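Report on the following structure.
Number of protein chains: 4
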Amino acid sequence: MSDNPRFDTHRESIVGRADVEDTPELIEYYAELERLKTGALWTVANKIEPWEPKSSSVPVLWKYTDLREHVLRSVNLVTPEKAGRRVIYLNNPGRQDVSAAVGWLYSGLQVMHPGEAASAHAHSSSALRFIMEGSGAYTIVDGHKMTLGANDFVITPNGTWHEHGVEAEGQTCIWQDGLDIPLVNALEAGFYAVHPDLAQKIIAPVDDSAGIWGAAGIRPSFVKWDKPYSPLFKYSWAETYEALQRYADKVAADPFDCHIMQYTNPATGGHVMSTIGASMQRLLPGFRGKAHQHTGSFVYQVAKGCGYSIIDGQRFDWQERDIFCVPSWAIHEHVNASATEDACLFSFNDLPTIEALGLYRLKPLLENDGYQQISQ
Amino acid sequence: MSDNPRFDTHRESIVGRADVEDTPELIEYYAELERLKTGALWTVANKIEPWEPKSSSVPVLWKYTDLREHVLRSVNLVTPEKAGRRVIYLNNPGRQDVSAAVGWLYSGLQVMHPGEAASAHAHSSSALRFIMEGSGAYTIVDGHKMTLGANDFVITPNGTWHEHGVEAEGQTCIWQDGLDIPLVNALEAGFYAVHPDLAQKIIAPVDDSAGIWGAAGIRPSFVKWDKPYSPLFKYSWAETYEALQRYADKVAADPFDCHIMQYTNPATGGHVMSTIGASMQRLLPGFRGKAHQHTGSFVYQVAKGCGYSIIDGQRFDWQERDIFCVPSWAIHEHVNASATEDACLFSFNDLPTIEALGLYRLKPLLENDGYQQISQ
Amino acid sequence: MSDNPRFDTHRESIVGRADVEDTPELIEYYAELERLKTGALWTVANKIEPWEPKSSSVPVLWKYTDLREHVLRSVNLVTPEKAGRRVIYLNNPGRQDVSAAVGWLYSGLQVMHPGEAASAHAHSSSALRFIMEGSGAYTIVDGHKMTLGANDFVITPNGTWHEHGVEAEGQTCIWQDGLDIPLVNALEAGFYAVHPDLAQKIIAPVDDSAGIWGAAGIRPSFVKWDKPYSPLFKYSWAETYEALQRYADKVAADPFDCHIMQYTNPATGGHVMSTIGASMQRLLPGFRGKAHQHTGSFVYQVAKGCGYSIIDGQRFDWQERDIFCVPSWAIHEHVNASATEDACLFSFNDLPTIEALGLYRLKPLLENDGYQQISQ
Amino acid sequence: MSDNPRFDTHRESIVGRADVEDTPELIEYYAELERLKTGALWTVANKIEPWEPKSSSVPVLWKYTDLREHVLRSVNLVTPEKAGRRVIYLNNPGRQDVSAAVGWLYSGLQVMHPGEAASAHAHSSSALRFIMEGSGAYTIVDGHKMTLGANDFVITPNGTWHEHGVEAEGQTCIWQDGLDIPLVNALEAGFYAVHPDLAQKIIAPVDDSAGIWGAAGIRPSFVKWDKPYSPLFKYSWAETYEALQRYADKVAADPFDCHIMQYTNPATGGHVMSTIGASMQRLLPGFRGKAHQHTGSFVYQVAKGCGYSIIDGQRFDWQERDIFCVPSWAIHEHVNASATEDACLFSFNDLPTIEALGLYRLKPLLENDGYQQISQ
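Protein chains in written order, with full-length UniProt numbering: chain D, 1 to 376; chain Z, 1 to 376; chain P, 1 to 376; chain C, 1 to 376.
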């Protein structure tokens, strides 16, 4: 706070906008308002009613080659008992106050050795995992155990008991955890509980949800499901990749996202969880996407191939297992750098939140034939 | 109308029920009411407010070996041009007035030779086909062509342009048509239109709906669908049978239906159409189901194996391609006659209608450990 | 069945329609099919797939002056104990087989003397009452008692315990009962139960639903309601009439229905019950509606004023308390005969059923400036 | 940032929680992570995964007698042209960074003189007004003009063109504006537009929405509405107060909120807008509510009477037109201080958001018979 606070730093000389210059009388008036725990709207109106969104997050690319050694090193530095979970989280320079990777989304890289298991807990946050490397990983959700391999996607929604581990005969696993922790904290609605037994009982055959809910266009007649998240929980890479290929065989590439599919709740056709959605997209060899911008924050992980994305004029070159983010309303375009191999991008986002609240907007870039200029 | 009409044929001596004996004065009164296009409720109340449903349909088994030759013979008897479609429909003895197989459901066996094609039309009735034999069959719905093999299931919903045919290089095909024609007629809401060009233009790659909507737990992000029926249209036997096997691997057999799955609209998780639902169930080797009764009318077609069903105390032995019906509220149980082979039953029904109107009820048979006595 | 049955009575010489002439060979073939409980589709196709609906109901006007004395006379002819309920039902000449007033809708006039009460029962049919005359009537639904006066509307939905009566200090009451009995019977889903105590216990203050759900645009925050019918149950004439007047003050008359409002479930904004909807419309003085036709069956009761309706070219003059019906797809137009007084028409219908099944269609009359010619 | 940053300030020695002590090696490790735009989860885990919510907002009471003169004084200090709107906003000491009254809710007091009108604009934020004093106020939403008096409630939802004014023959008006500006900004989804003509054309009779949607249990049959907010827009105090009285006549007082009703969208029965809900509650004379806590942030305005609320152990005495807030998960209880007069509290909240995201939780206070101890 300076000696001479200014209140007229957001003036705009446009009809319908606030344009009030500080005067001694007004400054005194503002001081009185402050004592009453109030303020004059016209001093902040233009700030809090912007013409369009300007994200506080910045685009970031996290190279897996940079992160991997640090993630593995955590194993030597802290025990699971002391650390709870050995996770390196992604800390967007614009969101350090809320430990977010972008917007209100948290992301972290977790490592687990064969034979290790985390204790079971539940929380109001909704979570997902996307497996980066290793074998023998598993997740248990409300007593249902699921096995996980590279590029498999699994959800552990709001309110479920869940725990993770790696089988003794497996190999060291690293996965990305995605959560809405920042959002749930911001909404002041976060609860946390440790499982009374620290571990769940397995109550069904391993991977039973795949047998019950994992077929296309057909479901058990007498299995009810009314919870607000997907009963399938786990989405395997092999089936996802095949789905994208079959889709591409039938439908022309979208100019912005080539072929993009979103993971769904098979009981409703909607998003997998109430607050976080997830998608996988496939860029054909040589695909160069056009640019657009939309509301919603996105964390991408490269599942296959290599290429680059241009985000608000800045180029980010990515390869398999790299992670990058696209903030809300950032202009972005994706390019597959290979002329022969396809590239796949996994992403998770807050679209279920944005859509439920009626806040989704999309705008294609019209200038320069839809391609951004790269800023130097 | 007899000389002495009786009005007291529905009396019940139970409190809360009508129990009025005819008298000369009442009969004269009834006659006056009739002249005014009215009647006395107590003369019909017990009839129109039964304690529980008593279907006017009777259980019937139609043996494919009986029907096949007659279906094929129709080819020699009538031309497609004159007949419109060469179809032998199933005519339940209790429903001949409405040409229904059971309840308000129509079923017919249609035959088509290689190179033949029916003209395109649209109607308010919703329809489905289940392929019984042959190769090279196809259906075109609103410009999307789908290829069909044995035990494949396809829908042509209310209001869609549709046409069927068999490729010149195919083999004579026979399939079952299922429709809600009797229901739509009963509701006095049936419209029919012949396509102005008698044939549709193909507007997309063959079998494109399978590429767009045919993956489990994932869908295109930017494809909208808000029609009240499934955008998948076609459900292949291979995938259906695999789904049933995977389901059986994870979940114990239901005492009544073993493992039964219903075809769904992947955009909603609900029924494939607004008026007709469809299911496939798999009876494990040696499965002997218990009996129950519920509202809703069902047409079954044997997709695989052999066995029998007991319906209202009557045994019906079935094998592959046979068709039988279970009327509303009929007590029924299904048995797989083989100790080594599984059996699969396709069925379609009016459950979407029954459920939408809040009329579904189910009751297990409690006597005799849940098994019916077979009446002689 | 005549000696020479004809099978070619539905021929149409239009491409895409059946046009097969009987031959000796075909007649023999048809006989064989009949033995197998089947038939040839082309003999019935044009009948069961009509170009547009042709209702089996006929338009009927029931004059209250004709019916009233017969309704009252029933009191002397039968006791409530023997009759169950003393009701004269409306028996459409085209629907006598199902005791319907029109389509699948039942309607009856019930009379009850002061101090009388019917025994409590429940059934799968959904019911409504519209009070015609008298005072002191009441209905009890699931333990909630509601008082009823002239032109009040009340529902007793599928599955609810309900009973009716007239207070000892009231006056003889006559009301119209509307039910979906024919529909529920047709769907073979009708159950009936007499209350074990023959009467319910009152569990809440009289008319409590009006206090809980009877305000516009506001509802109790912590009262849950998830049943598929309106928790308001009763809709009073005074409020309904006022609503129509306020509506007419703000919105121009519809050319077909002047000002028409439908009773709603305040918890959803939808229809009051799953199978039956109800509306009240107000025709301004001198209003002469244009003609249209739509699917759905309607029973009208004149709540106020006098006028006439032209239904499929036939004129029906009505006054207060008269009842008339409009069959599905019948062309109809309504006229207020008074140049100074408004007229109000209550109606109930099967639109919830028709809409849920995707079968609603509407078509305005285009010829003759939208007015029918009256047939002689 | 101090010279020796600490990373172990959130340790908890509970199984399943993070409990890692800083060591020189770890501190060096943390520094490396920071360079990679990452961090170690265990340093923040206990902070970002709290056992239960702890709001950053504090309970505040804003006395109208304090605010009124300052609000009126703004008229002399700034012109509407320069200020846009003359509004004093409520600035919660814990939320000054986002100009919120509580949580993510904005509130401000706006003053307008007779004959003044604000220019029309639209934004992604949803807004409401609750009239505090004056006469002749009006709001225009998408061309529909509505007149407003004291304690009337009106919404101007996300995306609608809206403008406010006071008729020349009216009296100076003050009202509360409630908005979700902080939420929409936090979600980085805020757009703002000034109307090209600065004012809308009136396209319908004044207060037409009340005639169309303002009746209980009945709606126009042929008026469609599919927008995610209420078509009624305006809720008058007279009708609201009458509804609360009728409700109280039929239903016993809730131990926490006496009689509370929420404003609804009559087309759906749900909340009035996607992000903000609103309620009015009536405390009977002498009512002393018990305490509970729940997620969701609330701004209350006293519509009638006087009393006090205890919020997290602190007592706030309120009278008509005072405003106070209850932060998420704060324990609170309301008391009517009068033994003879009722008291009414208007409130608006973020429950639609909290519920859509599955984050609502409620917990009654069990200690001390449900009453809080007041902290000194």
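Even for Gly, the Cβ is constructed at its ideal location relative to N, Cα and C. None of the values given here were measured: they were computed from a predicted structure.
Item: Beta-carbon of D:S221 versus every beta-carbon of chain Z: anything under 9 Å?; Value: yes
Item: Taking C-alpha atoms, which residue in D:E34, D:E341, D:V15, D:W62 lies nearest to D:Q245?; Value: D:E341
Item: What residues in the region 162-187 of chain Z have a beta carbon less than 7 Å from any beta carbon of chain P?; Value: I181, V184, N185, A186, L187
Item: Quick one: list the residues of chain P neighbouring residue 377 of chain Z, beta-carbon separation under 7 Å, in chain order.; Value: No answer is possible for residue 377 of chain Z: the residues shown for chain Z start at 1 and end at 376.
Item: Given this structure, state the Cα-to-Cα distance separating C:A45 from C:L365, to the nearest angstrom.; Value: 28 Å
Item: Report back the beta-carbon spacing between D:S375 and D:Q314 to the nearest angstrom; my notes put them in contact at under 8 Å.; Value: 6 Å
Item: Nearest to C:N185 by alpha carbon, out of D:E12, D:L179, D:A343, D:I354?; Value: D:I354
Item: Does the Cβ-Cβ distance between C:I181 and C:Y106 come in under 9 Å?; Value: yes
Item: Who are the neighbours of Z:P266 on chain D, taking C-beta pairs under 7 Å?; Value: A216, G217, G269
Item: Using Cβ-Cβ distances below 9 Å, what residues of the region 12-27 of chain P are close to chain Z?; Value: I14, V15, G16, R17, A18, D19, V20, E21, T23, E25, L26
Item: For Z:G305 versus Z:F256, is the C-beta distance shorter than 9 Å?; Value: no
Item: Could you tell me whether the region 148-163 of chain P touches the region 73-88 of chain P, using the rule of 3 or more Cβ pairs below 8 Å?; Value: no
Item: Applying the 10 Å Cβ sphere with the 16-neighbour rule, what's the burial state of Z:Q176?; Value: buried
Item: Is it true that the CB of D:P352 sits closer than 9 Å to the CB of D:H271?; Value: yes
Item: In chain P, which residues lie with their C-beta within 7 Å of the C-beta of Z:H113?; Value: Chain P residues near Z:H113: none, gap ~16 Å exceeds 7 Å.
Item: Along chain C, which residues have their Cβ under 7 Å away from the Cβ of P:D249?; Value: G211
Item: Assuming D:D22 and D:R6 form a contact by the criterion Cβ under 8 Å, report the distance between their Cβ atoms to the nearest whole angstrom.; Value: 6 Å
Item: Ignore the nearest five residues each way along the sequence and tell me which others in P:T172's own chain have a CB closer than 6 Å to its CB.; Value: H113, G134
Item: What do you get for D:P285, buried or exposed, if any count of 16 or more other CB atoms within 10 angstroms of its CB means buried?; Value: exposed
Item: Taking the alpha carbon of Z:P205 as the point to measure from, which residue in Z:K145, Z:L232, Z:A252 has its own alpha carbon closest?; Value: Z:K145
Item: Pick helix, strand or coil for C:P182, following the three-state DSSP scheme.; Value: helix
Item: How would you label C:L362, buried or exposed, when you count the other beta carbons within 10 angstroms and need 16 or more for buried?; Value: exposed
Item: Could you say if the region 229-238 of chain C and the region 208-220 of chain C meet the contact criterion of at least three C-beta pairs nearer than 8 Å?; Value: yes
Item: Kindly indicate which residue of D:M280, D:L359, D:I311, D:I310 has the alpha-carbon position closest to the one of D:A343.; Value: D:M280
Item: If we count the other Cβ atoms within 10 Å of its Cβ and call it buried at 16 or more, is D:S13 buried or exposed?; Value: exposed
Item: In the DSSP assignment, what are the bridge partners of C:G307?; Value: C:W318, C:N336
Item: Grab me the residues of Z:Y360's own chain with a C-beta within less than 8 Å of its C-beta, minus the 5 sequence neighbours each way, in chain order.; Value: H294, T295, G296, L351, I354
Item: Quick one: does Z:A243 have its CB under 9 Å from some CB of chain D?; Value: yes
Item: Tell me whether P:T38 is buried or exposed, calling it buried when 16 or more other Cβ atoms sit within 10 Å of its Cβ.; Value: buried
Item: Of the choices D:S328, D:D66, D:H334, D:Y241, whose alpha-carbon is the least far from that of D:D254?; Value: D:H334
Item: Sorted by chain position, which residues of the same chain lie with C-beta nearer than 6 Å to P:T43's C-beta, five sequence neighbours on each side aside?; Value: F7
Item: Between the alpha carbons of D:L109 and D:I331, how many angstroms are there, rounded?; Value: 27 Å
Item: If you follow the beta strand (DSSP E) that P:A193 is in, where does it begin and where does it stop?; Value: 192-194
Item: Can you give me the start and stop residues for the alpha helix (DSSP H) that D:S135 sits inside?; Value: Counting along the chain, D:S135 falls outside any alpha helix (DSSP H), though it belongs to the beta strand (DSSP E) covering 127-141.
Item: Mind checking whether Z:P80 and Z:A31 have CB atoms under 9 Å apart?; Value: no
Item: Who are the neighbours of C:R246 on chain P, taking C-beta pairs under 8 Å?; Value: A210, G211, G214, A215
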